[in-house]
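**Q**
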Ligand code: ADP
Ligand code: MG
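Residue numbers (my numbering): 115 to 348.
1. Mind checking whether residue 431 and residue 207 have CB atoms under 8 Å apart?
2. Does DSSP put residue 198 in a helix, in a strand, or in coil?
3. Can you find the residues in the same chain that come closer than 8 Å, C-beta to C-beta, to residue 339, ignoring five residues on each side of it along the sequence?
4. For residue 342 and residue 274, I'd like the C-alpha separation in whole angstroms.
5. For residue 138, is the beta carbon positioned less than 7 Å from some heavy atom of the ligand ADP?
6. Using the Cβ count rule (16 or more neighbours within 10 Å means buried), how would you classify residue 270?
7. Can you confirm whether residue 179, when its beta carbon is compared against all beta carbons of chain B, has any partner nearer than 8 Å?
8. Out of curiosity, what's the CA-to-CA distance linking residue 330 and residue 292?
9. Count the other CB atoms within 10 Å of the CB of residue 138; is the residue buried (16 or more) or exposed (fewer)?
10. Counting only runs that start and end within the region 259-329, where is the alpha helix (DSSP H) found for 4 or more residues in a row?
11. So for residue 125, helix, strand or coil by DSSP?
12. Assuming residue 224 contacts residue 216 under a Cβ cut-off of 8 Å, what Cβ separation, rounded to an integer in Å, is found between them?
13. Please name the residue in 249, 198, 210 and 197 whose C-alpha comes closest to that of residue 222.
14. From residue 300 to residue 247, what does the alpha carbon distance come to, in whole angstroms?
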């Protein structure tokens with residue numbers, strides 16, 4: 115049952131085991147968290163602590179081995195394929211450390227891609243992709259390919275692509291990890307704006323300065339949450 119008073123995201127005793135035949139890797143070993151709509155959360159922790167695994171599960175790119183993941187009060191494991199696709203493609207936008215752009219496609223074409231999968235007609239596709247690129251300040255670079263853009267600009271294209279379906283949640287895995295400080299700052303400014311517009315942002319980072327932009331910092335270690343702190347930000 116969905117319930118307006120429930121948190122946006124609620125996970126209980128979430129585990130993920132990667133079965134490599136001879137060895138099994140316990141990437142998540144019982145994660146309990148709840149995240150409210152409209153919050154800005156940073157997830158920190160050493161390499162290998164399960165941050166990416168956790169984000170991938172939230173984004174329905176991967177399924178947990180056990181435990182519960184409720185989205186708006188509903189158990190995600192019971193979602194139909196259709197509902198899952200709706201969640202993945204329309205309610206969640208992903209931003210990756212290495213941008214994950216198609217190198218042969220222009221900025222505009224990269225941003226149009228999620229709409230192409232959705233069979234959105236050409237004119238509407240163009241208009242929405244253009245709007246998303248304008249929103250990230252790239253209106254003068256729409257016909258450039260990724261290798262003709264700086265790292266910061268590439269990440270802006272990736273953010274525009276994540277925004278083109280107007281998702282309520284942005285999941286970002288080390289979004290500033292491959293950027294110089296100034297470009298990283300401008301991406302974080304963009305996240306601030308998205309947060310102010312009401313988007314929920316969940317961002318993995320191992321840089322304290324970057325995490326400092328969030329309202330809440332959750333630390334992972336060995337597949338578990340070891341600390342969870344809220345901060346008041348202006
Ligand atoms: P983090 O993002 O915090 O660095 P990950 O979630 O990527 O951590 O990884 C957690 C653990 O799971 C690590 O030990 C990693 O080697 C392992 N792992 C991650 N993805 C896979 C996979 N696809 N197959 C096997 N093991 C994996
Ligand atoms: Mg990772």
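Just so it is clear, CB atoms sit at the ideal spot from N, CA and C, and this is done for glycine as well. Just so you know, these numbers come straight off a predicted model, no measurement behind them.
**A** According to the data block:
1. Past the edges of the chain, shown from 115 to 348, lies residue 431, and the structure says nothing about it.
2. Working through the chain shown from its first residue, we reach residue 198 at position 84. Helix.
3. To locate residue 339, count along the chain shown from 1; it is residue 225. Excluding residues up to 5 positions away in sequence, 145, 146, 147, 332 and 333 lie with their Cβ nearer than 8 Å to the Cβ of residue 339 in the same chain.
4. Looking up residue 342 in the chain shown gives position 228. Looking up residue 274 in the chain shown gives position 160. Between the alpha carbons of residue 342 and residue 274 lies a gap of roughly 30 Å.
5. Locating residue 138 in the chain shown gives position 24, where the first residue counts as 1. For the ligand ADP, not one heavy atom lies less than 7 Å from the Cβ of residue 138.
6. Position 156 of the chain shown, counted from the start, is the residue given in the question as residue 270. Residue 270 comes out buried.
7. The structure shown contains no chain B; it holds only a single protein chain.
8. One-based indexing of the chain shown puts residue 330 at position 216. One-based indexing of the chain shown puts residue 292 at position 178. Near 23 Å, if we compare the C-alpha coordinates of residue 292 and residue 330.
9. Against the chain shown, residue 138 aligns to sequence position 24. By the 10 Å Cβ count, residue 138 comes out exposed.
10. Correct list: 265-277, 295-310 and 322-325.
11. The count along the chain shown starts at 1 and reaches residue 125 at position 11. DSSP places residue 125 within a strand segment (E or B) once states are collapsed to three.
12. Here the question's residue 224 lines up with position 110 in the chain shown. Here the question's residue 216 lines up with position 102 in the chain shown. Right, their Cβ atoms sit about 6 Å apart.
13. Along the chain shown, read from residue 1 onward, the residue named residue 222 stands at position 108. Measuring C-alpha to C-alpha distances from residue 222 to each of 249, 198, 210 and 197 identifies 249 as the nearest.
14. Counting from one through the chain shown, the residue named residue 300 turns up at place 186. Counting from one through the chain shown, the residue named residue 247 turns up at place 133. Linking residue 300 to residue 247 through their CA atoms gives a straight-line distance of about 15 Å.
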